[in-house]
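K.L.:
For reference, the structure I am asking about is given below.
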Amino acid sequence: MAAFVSLQEAVAAHVRDGDSVAMEGFTHLIPYAAGHEVIRQQRRGLTLIRMTTDILYDQMIGMGCAARLVFSWGGNPGVGSLHRMRDAVENHWPHKLELTEHSHAAMANAYEAGAANLPFAMLRGYIGADLPKVNPSIKSITCPYTGEVLATVPAIRPDVAIIHALRADRQGNVLLEGITGVQKEAVLAAKRSIVTVEEIVEDFGPRNANAVILPHWTIGAIVTVAGGAHPSYAHGYYKRDNAFYIAWDAISRDRDTFLAWMEENVMRAGPEAFAARPPKAA
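Using the numbering used here, the first residue of the sequence shown is number 121, and each one after it goes up by one.
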């Protein structure tokens, strides 16, 4: 049952050292504010799960939160590499990072399997691919009806899923619209969940055809954090901050520059930095 709490309370209650944590959002609605609170609370030994590993996980990896990464793509979208992720993999700074790599299709299917309480996902994929050579969790199964050999991957069942959404109503139901990615599946697959939202409303009003509503009984904690997806975008609230993605390349290349930026903008800023940020025109 969804509880309305502060961001500090939500992370303290639901994210623990050693947890597997899925923070999803496909270009849209990436939960930056919540991820920053995980960094501030200095969670360690996390298995970070995300289809499109980008700047948020670069920050969490560089600040020492992650021991393992489960992903299907990694980079600064439209700009280049993730320098903190690369430093962790190549030089073990701030410590060693283990990688488990999948395709987008495999991870999406694995989330669906987790949401359905199934042990694994089955898909037509990985034929002629090299990923099974480096990821031993990719296996195969023979269809008992047709004899076709299909790929399988373990279901993704995170200890905690964290997403950012557009709105919640006062009963704790949550609305997502626009590009929704696998947020719904991540929440349904997880043992615990945190949802940050732009605002609380009495009624969701008219909805787009692709609207997703997560019922209150699927959610552990709801936190109002206006601007909580910045520098990604929130449909109908603010645009993607493309300038920040470009700036991050220089910020993250050097360890000292990265640490100084994180100290000023994350460790000492607090969640109010998001709430105080003026909304941009959609």
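We put the CB at the ideal spot given by N, CA and C, even for glycine. Predicted model only: the values in this text are computed from it and were never measured.
Using only the alpha-carbon positions, how far apart do T344 and I181 sit?
P.N.:
Counted from its first residue, the sequence shown places residue 344 at position 224. Counted from its first residue, the sequence shown places residue 181 at position 61. Approximately 25 Å, taken between the alpha carbons.
K.L.:
Which residues does DSSP pair with R287 in a beta bridge?
P.N.:
As a position in the sequence shown, residue 287 is number 167, starting the count at 1. DSSP output for R287 lists L295, E319 as bridge partner(s).
K.L.:
Select from G245, V317, F146, L238 the residue whose C-alpha is nearest the C-alpha of L308.
P.N.:
For the purposes of this step, residue 308 is taken as residue 188 along the sequence shown, with counting starting at 1. Nearest of G245, V317, F146, L238 to L308, Cα basis: L238.
K.L.:
For A281 versus V294, is the C-beta spacing smaller than 7 Å?
P.N.:
Your numbering for residue 281 matches position 161 in the sequence shown. Your numbering for residue 294 matches position 174 in the sequence shown. In this structure, V294 does not lie closer than 7 Å to A281 by Cβ.
K.L.:
Give the secondary structure of W337 by DSSP, where H, G and I count as helix, E and B as strand, and everything else as coil.
P.N.:
Position 217 of the sequence shown, counted from the first residue, corresponds to residue 337. For W337, the secondary structure class from DSSP, reduced to helix, strand or coil, is helix.
K.L.:
Under a three-way DSSP split, which group does R373 fall into?
P.N.:
Your numbering for residue 373 matches position 253 in the sequence shown. R373 falls in the helix class under three-state DSSP.
K.L.:
Tell me, please, whether the segment 158–166 touches the segment 175–191 by the rule of three or more beta-carbon pairs shorter than 8 Å.
P.N.:
yes
K.L.:
Are the segment 315–329 and the segment 166–176 touching, with three or more C-beta to C-beta distances below 8 Å?
P.N.:
no
K.L.:
Could you check if M205 is buried or exposed, using at least 16 other CB atoms within 10 Å of its CB as the buried criterion?
P.N.:
In the sequence shown, the residue the question calls residue 205 occupies position 85. It counts as buried.
K.L.:
Helix or strand or just coil, what does DSSP make of G194?
P.N.:
Walking along the sequence shown from the start, residue 194 turns up at place 74. Residue state, collapsed to three classes: strand.
K.L.:
With contact counted as at least three CB pairs below 8 Å, one residue from each stretch, are the segment 121–129 and the segment 329–345 in contact?
P.N.:
yes
K.L.:
Run through DSSP, which three-state label would D139 get?
P.N.:
As a first step, residue 139 is located in the sequence shown; it is residue number 19 there, counting from the start. Residue state, collapsed to three classes: coil.
K.L.:
Here's the rule: buried if 16 or more other CB atoms are within 10 angstroms of the residue's CB, otherwise exposed. What is H156?
P.N.:
Taking the sequence shown and counting its residues from 1, one reaches residue 156 at position 36. Buried: at least 16 other Cβ atoms inside 10 Å.
K.L.:
With which residues is L124 paired in a DSSP beta bridge?
P.N.:
On the sequence shown, position 4 is the one that residue 124 refers to. A quick correction: the sequence has Phe, not Leu, at residue 124. Bridge partners of F124: I342.
K.L.:
Whole angstroms is fine: what's the gap from V190's alpha carbon to A329's?
P.N.:
Taking the first residue of the sequence shown as position 1, residue 190 is located at position 70. Taking the first residue of the sequence shown as position 1, residue 329 is located at position 209. Taking the straight line joining both Cα atoms gives about 31 Å.
K.L.:
Ignoring anything shorter than 3 residues or poking outside the segment 220–281, list the beta strand (DSSP E) runs there in chain order.
P.N.:
240–243, 259–262, 269–274
K.L.:
If I measure Cβ to Cβ from A389 and keep anything under 8 Å in the same chain, skipping five residues before and after, which residues do I get?
P.N.:
Position 269 of the sequence shown holds residue 389. Same-chain partners within the cutoff: H156.
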